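Below: the structure, in structure tokens.
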Amino acid sequence: MHADHSGRKEAREEGETARTLLSKSRQESAYAGGEPILEVRDLVKHYPLTQGILIKKQVGAVKAVDGVTFDLGAGETLGVVGESGCGKSTVARLLVHLEQPTAGSIRYKGEDITKLSGRALKAVRRNIQMVFQDPYTSLNPRMTVGDIIGEPYEIHPEVAPKGDRRRKVQDLLDVVGLNPEYINRYPHQFSGGQRQRIGIARGLALNPEIIVADEPVSALDVSVQAQVVNLLDRLQAEFKLSYVFIAHDLSIVRHISDRVGVMYLGRFVEIGTDAEIYDHPTHPYTQALLSAVPVPDPMAREFRERIILHGDVPSPANPPSGCRFRTRCWKAQERCELEVPLLAVPAAFRDTDTPARHDSACHFAEEKRVVPPEGTLEPVPGEGGQAEAADRAAEKADEAPAGTPPEAAPEAAPEAASDTAPEAPPEAPPAPPAGGGEEPPSGSSRVS
Amino acid sequence: MLLEVRDLHVEFHTRDGVVQAVNGVNYSVAEGETLAVLGESGSGKSVTAQAVMGILDMPPGKIPRGEILFKDRDLLTMKKEERRKIRGQEMAMIFQDALSSLNPVLTVGEQLGEMYVVHRGMSRKDAKARAVELMDRVRIPAAKERVGNYPHQFSGGMRQRIMIAMALALEPSLIIADEPTTALDVTVQAQVMDLLAELQRELNMGLILITHDLGVVADVADKIAVMYAGRIVETSPVHDIYKAPAHPYTKGLLASIPRLDQKGQELYAIKGLPPNLLHIPPGCAFNPRCPMAQDVCRTDVPPLYDVAEHRQSACHFWKETLDAR
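Chains A and B are the protein sequences, given in the same order. Just so you know, we're using this note's numbering here: the first sequence kicks off at 145 and counts up by one. Just so you know, we're using this note's numbering here: the second sequence kicks off at 1377 and counts up by one.
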């Protein structure tokens, strides 16, 4: 199906080879415990809270990141999702060494970058680059696009000798789908989507191996988001990049990621392959998060069971003891207050061979499918091959696109089809903990 | 019909020229009905709403043509005082960014109570009691203690609840919510949308929900109006549009949502960028980005064709768009 998927003009221009590589790299990239390129262990970042004017006294700390552990495989995309304030952006800044961690280690190819400084740090930084969220504030308005994208070469002159830079920058503009003649324009002359492409070109300038993308499409218009997601996907295949992709849009994260980590209040609560997380979540927070995402299909109203969490995320300056999610969790019991759940395969699934067997930091982990299986809803017409066929036809100016033979809408993926057994979890929702009304409102209700 | 917008035009006179933000918009909302207005930034969805509320900055804004009928009375020809009475009492608006829409130097109690003092002539003390009731109603815990707090002391979700409370204070018959949950996290978004839907049912209000999120629309709307470059390009009951869009723009938006069975493939992307409102392309404004565009699209502005009962599409090739499934 992928072979006849070719043919859009910009795609042709931007990366003919990339697309053929795309499907291949997808199979290879599924990180199967090979050599990780980045190993993060027990990463902690506390921001001190001080009191006093002359004699500053530390009175506490905002525990933005509090023990994060994960691996990133070469060529892999790790998606990180979570609500605002959960620490996902701080993780991103720690990975590119914009912040010094309070504790923990980040090993890049076996070397702990948190301990590096000077020349060694500079060398490592070349290989880990960042794409920022807001394309409006992350580009200097007084620099031309050529200067912005070429600036990394000032710091790392070994990558491109002086005479060569202009051509390199133009190549980069071409790679991200911008006209190389725009090299002397200023950021304000571009739209949001184009600016994000400039930010991506800057990230690529030093041929990095890892790109940390912090909400790269959140600020863009819906119709432009897909363009940038496709670009990131293409670049990954072309340059064999590894991505840490941070976002709050769960459907985009699923599309682009090989593995997904869910963060809550400074910690990962669940991590696994995209299918494990989305189709077989075992942590209550993941389940609530997934069930809260509106499904772009009105049919889902009847199918869906929504878990509505009460209250807000507690302050990271004073996180709850034990499990941090317990104040909003409907399963919380005394054990959750006393004992910190570890991020590991829950005991219930340790000896099984189901997709529920993945790391989840919950004492009472239980599999529960909250996203309606794809097959139960009618497929949206007009995507994939058919829409592109029409697109292609339109580009040939004198052809009548109206006569484009409609191709059959792609069937649901086989994995989904085999999984469409109606999964109505009949067990009654556990009643919210009654009577424990001392803390912020806890518990949860369900709405169908 | 509670509200009927007819052939509304809004333009802004700027130094660079005339920005045609709204170019002939028609829509209607009945009591208890939810209309979702879907569009990207610059599509004119918010400007239309501001014109309905009468909070458009004029100048530079100007309404050269159109009617806004609220309970069969034209708001545009009404006297200022009359309109002010309707605003707040009969129709209210919920804004996207609650932090900047609330006054930071007044307590939320004062801001909620002000509605009663101004419109109902209540005493400050009575108004405060009503404010506590309102906060209870939008489920703010410990309302009695928190009525004296300032906006910054509340979380984002709470602030949006206060905005909702303020809009509901005088039990209006129409609520316009402009991206009410865009700034919120998904779990909080679910809480707020739920609350809004419940209160709407309870008070049988008409609701205009302005959003760019196809997911939120699918969740709550009865009917949809899709806007592009200041014009409505498609209107439809909610179920039909997701099943079979009749305009290539709607179709492109739906197709660009990542789907499970497309993982690992390129996403469908609408090519190009939304148009500059200073220079809207002649003919159909979507033609430079449209995969189906032909010569007629570059010259003739498509009218809203009747596609089916209660369904309209502003595309010369709506039949082909519908059929090409």
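Cβ atoms here follow ideal geometry from the backbone N, Cα and C, with glycine treated the same way. Note that the structure is a prediction, hence the values are computed from the model and not measured.
- Query: What are the partner residues of GLU227/A, as DSSP defines its beta bridges?
  - Reply: Here residue 227/A corresponds to residue number 83 of the first sequence, with the count starting at 1. In DSSP, GLU227/A forms no bridge with anything.
- Message: I'd like to know if GLU638/A contacts chain B, where contact means its C-beta is closer than 8 Å to some C-beta of that chain.
- Response: This structure cannot speak to residue 638/A, because chain A is shown only from 145 to 592.
- Taking a cut of 8 Å between CB atoms, which residues from the segment 1637-1653 of chain B lie near chain A? If the cut-off is 8 Å between Cβ atoms, the segment 1637-1653 of chain B has ASP1637, GLN1638, LYS1639, GLY1640, GLN1641, GLU1642, LEU1643, TYR1644, ALA1645, ILE1646, LYS1647, LEU1649 and PRO1650 near chain A.
- Task: Using DSSP bridges, identify the partner residues of HIS1389/B.
- Result: Start at 1 with the first residue of the second sequence, and residue 1389/B comes out as number 13. Per the DSSP secondary-structure output, HIS1389/B pairs in a beta bridge with VAL1394/B.
- Message: For THR1563/B, tell me which candidate among TYR429/A, ILE342/A and LYS266/A has the shortest Cα-Cα distance.
- Response: Here residue 1563/B is taken as the residue at index 187 of the second sequence, counted from 1. With distances taken between Cα atoms, THR1563/B lies closest to TYR429/A.
- Message: For the ligand NAP, is there any heavy atom lying closer than 7 Å to the beta carbon of GLY1532/B?
- Response: This structure simply doesn't include the ligand NAP, nor any ligand for that matter.
- Query: Does ASP186/A have its Cβ less than 8 Å from a Cβ in chain B?
  - Reply: Against the first sequence, residue 186/A aligns to sequence position 42. For ASP186/A, the closest Cβ of chain B is not nearer than 8 Å.
- Task: Kindly give me the distance between the Cβ atoms of VAL206/A and HIS190/A, rounded to whole angstroms, as I take these residues to be in contact under 8 Å.
- Result: As a working mapping, residue 206/A is identified with position 62 in the first sequence. As a working mapping, residue 190/A is identified with position 46 in the first sequence. Contact between VAL206/A and HIS190/A is confirmed by a C-beta separation of about 7 Å, below the 8 Å threshold.
- Quick one: Cα of ASP377/A to Cα of ASP1616/B, how far? If you number the first sequence from 1, residue 377/A lands on position 233. If you number the second sequence from 1, residue 1616/B lands on position 240. For ASP377/A and ASP1616/B, the gap between their C-alpha atoms comes out near 32 Å.
- Item | Proximal chain B residues relative to SER395/A, where beta-carbon distance stays under 7 Å | By one-based count along the first sequence, residue 395/A stands at place 251. In chain order: ILE1633 and PRO1634.
- Three-way DSSP call (helix, strand, coil) for ALA461/A in this model: Locating residue 461/A in the first sequence gives position 317, where the first residue counts as 1. Coil at ALA461/A, not helix or strand.
- Query: Which word fits ALA488/A, buried or exposed, when buried means at least 16 other C-beta atoms lie within 10 angstroms of its C-beta?
  - Reply: Taking the first sequence and counting its residues from 1, one reaches residue 488/A at position 344. ALA488/A should be labelled exposed.
- State the DSSP-derived secondary structure class of GLN1411/B, mapped to helix, strand or coil. Position 35 of the second sequence holds residue 1411/B. One point to set straight first is that residue 1411/B is Leu, not Gln, in the sequence displayed. Of the three classes helix, strand and coil, the one that applies to LEU1411/B here is strand, per DSSP.
- Query: With DSSP run on the structure shown, which of helix, strand or coil describes ALA357/A?
  - Reply: Position 213 of the first sequence holds residue 357/A. Reduced to three states, the DSSP call for ALA357/A is strand.
- Stretch-stretch touch, CB-based, cutoff 8 Å, three pairs: the segment 347-365 of chain A with the segment 1623-1637 of chain B: The segment 347-365 of chain A, when compared against the segment 1623-1637 of chain B, does not touch it at the 8 Å Cβ threshold.
- Is it right to say ARG311/A is buried, meaning 16 or more other beta carbons lie within 10 angstroms of its own, or is it exposed? Here the question's residue 311/A lines up with position 167 in the first sequence. ARG311/A is exposed by the Cβ-count criterion.
- Task: Quick one: residues in its chain with C-beta nearer than 8 Å to the C-beta of TYR330/A, no 5 flanking neighbours on either side, listed in chain order?
- Result: As a first step, residue 330/A must be located in the first sequence, where it is residue number 186. Sequence-distant partners of TYR330/A (beyond 5 residues in either direction) whose C-beta falls short of 8 Å from its own C-beta, in its chain, are PRO285, ARG286, MET287, THR288 and VAL289.
- Task: Measure the C-alpha to C-alpha separation of LEU1546/B and LEU1575/B and round it to an integer number of angstroms.
- Result: To locate residue 1546/B, count along the second sequence from 1; it is residue 170. To locate residue 1575/B, count along the second sequence from 1; it is residue 199. If you take the alpha carbons of LEU1546/B and LEU1575/B, they lie about 13 Å apart.
- Query: Is the Cβ-Cβ distance between ILE1584/B and ILE1552/B less than 8 Å?
  - Reply: Mapped onto the second sequence, residue 1584/B falls at position 208. Mapped onto the second sequence, residue 1552/B falls at position 176. Yes. Within cutoff.
- 9 Å Cβ cut-off: residues of chain A touching GLU1416/B: If you number the second sequence from 1, residue 1416/B lands on position 40. Neighbours of GLU1416/B across chain A, judged by C-beta separation under 9 Å: ASP365, VAL366, SER367 and VAL368.
- Item | Residue nearest to ASP1450/B in terms of C-alpha spacing, selected from MET1429/B, GLY1408/B, GLU1521/B and PRO1679/B | Within the second sequence, residue 1450/B is the residue found at index 74, counting from 1. Considering only alpha carbons, the answer is MET1429/B.
- Query: When the cut-off is 8 Å and only beta carbons count, does SER1531/B lie next to chain A?
  - Reply: Stepping through the second sequence from its first residue, residue 1531/B is reached at position 155. Chain A, which has a Cβ nearer than 8 Å to the Cβ of SER1531/B, makes this yes.
- Counting contacts by CB-CB distance shorter than 8 Å, is VAL268/A in contact with chain B? For the purposes of this step, residue 268/A is identified with residue 124 of the first sequence, where counting begins at 1. Contact of VAL268/A with chain B is not assigned, every C-beta pair being separated by 8 Å or more.
- Task: Would you mind reading off the limits of the alpha helix (DSSP H) that contains ARG1460/B?
- Result: For this step, residue 1460/B is matched to residue 84 along the second sequence. If you look at ARG1460/B, you'll find it in the alpha helix (DSSP H) that goes 1456-1465.
- Let me know the secondary structure DSSP gives ARG513/A once reduced to three states. The count along the first sequence starts at 1 and reaches residue 513/A at position 369. Residue state, collapsed to three classes: coil.
- Of all the residues that make up the segment 1571-1594 of chain B, which are near chain A by a beta-carbon distance shorter than 8 Å? The segment 1571-1594 of chain B vs chain A, Cβ under 8 Å: HIS1588, ASP1589, LEU1590, GLY1591, VAL1592, VAL1593 and ALA1594.
- Item | chain B within 8 Å of LEU453/A, Cβ atoms only | Stepping through the first sequence from its first residue, residue 453/A is reached at position 309. At least one chain B Cβ lies under 8 Å of LEU453/A.
- Message: Is it buried or exposed, TYR280/A, if we count other Cβ atoms within 10 angstroms and call 16 or more buried?
- Response: On the first sequence, residue 280/A is found 136 positions in, with the first residue counted as 1. By the neighbour-count rule (16 or more Cβ atoms within 10 Å), TYR280/A is not buried but exposed.
- Item | Length of the line joining the Cα atoms of HIS392/A and GLY1591/B | Start at 1 with the first residue of the first sequence, and residue 392/A comes out as number 248. Start at 1 with the first residue of the second sequence, and residue 1591/B comes out as number 215. Annotation: HIS392/A to GLY1591/B spans about 14 Å, alpha carbon to alpha carbon.
- On the three-state DSSP scale, how would you describe THR496/A? Taking the first residue of the first sequence as position 1, residue 496/A is located at position 352. THR496/A falls in the coil class under three-state DSSP.
- Item | Segment limits, alpha helix (DSSP H) that includes GLU1642/B | Working through the second sequence from its first residue, we reach residue 1642/B at position 266. Taken as a continuous stretch (DSSP letters only), GLU1642/B belongs to no alpha helix (DSSP H), as it is neither H nor E.
- Query: Is the CB-CB distance between MET1603/B and VAL1386/B below 8 Å?
  - Reply: The residue labelled residue 1603/B in the question sits at position 227 within the second sequence. The residue labelled residue 1386/B in the question sits at position 10 within the second sequence. Contact flag unset, no.
- Query: What residues from the segment 433-460 of chain A come within 7 Å of chain B, judged by C-beta to C-beta, listed N to C?
  - Reply: Within the segment 433-460 of chain A, the residues whose Cβ lies closer than 7 Å to some Cβ of chain B are LEU433, ALA436, VAL437, PRO438, VAL439, PRO440, ASP441, PRO442, ALA444, ARG445, ARG450, ILE452, LEU453 and ASP456, listed in chain order.
- Query: Can SER1606/B and GLY1420/B be called in contact, C-beta distance under 8 Å?
  - Reply: Along the second sequence, one-based indexing puts residue 1606/B at 230. Along the second sequence, one-based indexing puts residue 1420/B at 44. Looking at the sequence provided, one finds Gly at residue 1606/B rather than Ser. In this structure, GLY1606/B sits near GLY1420/B, with a CB-CB distance shorter than 8 Å.
- Task: Using a Cβ-Cβ cut-off of 8 Å, state whether HIS1615/B counts as contacting chain A.
- Result: Sequence index remark: in the second sequence, residue 1615/B carries index 239 (1-based). Yes, because at least one Cβ of chain A sits closer than 8 Å to the Cβ of HIS1615/B.
- Message: Would you say VAL373/A lies against chain B (beta-carbon separation less than 8 Å)?
- Response: In the first sequence, residue 373/A corresponds to position 229, counting from 1. Yes, VAL373/A counts as interfacial toward chain B.
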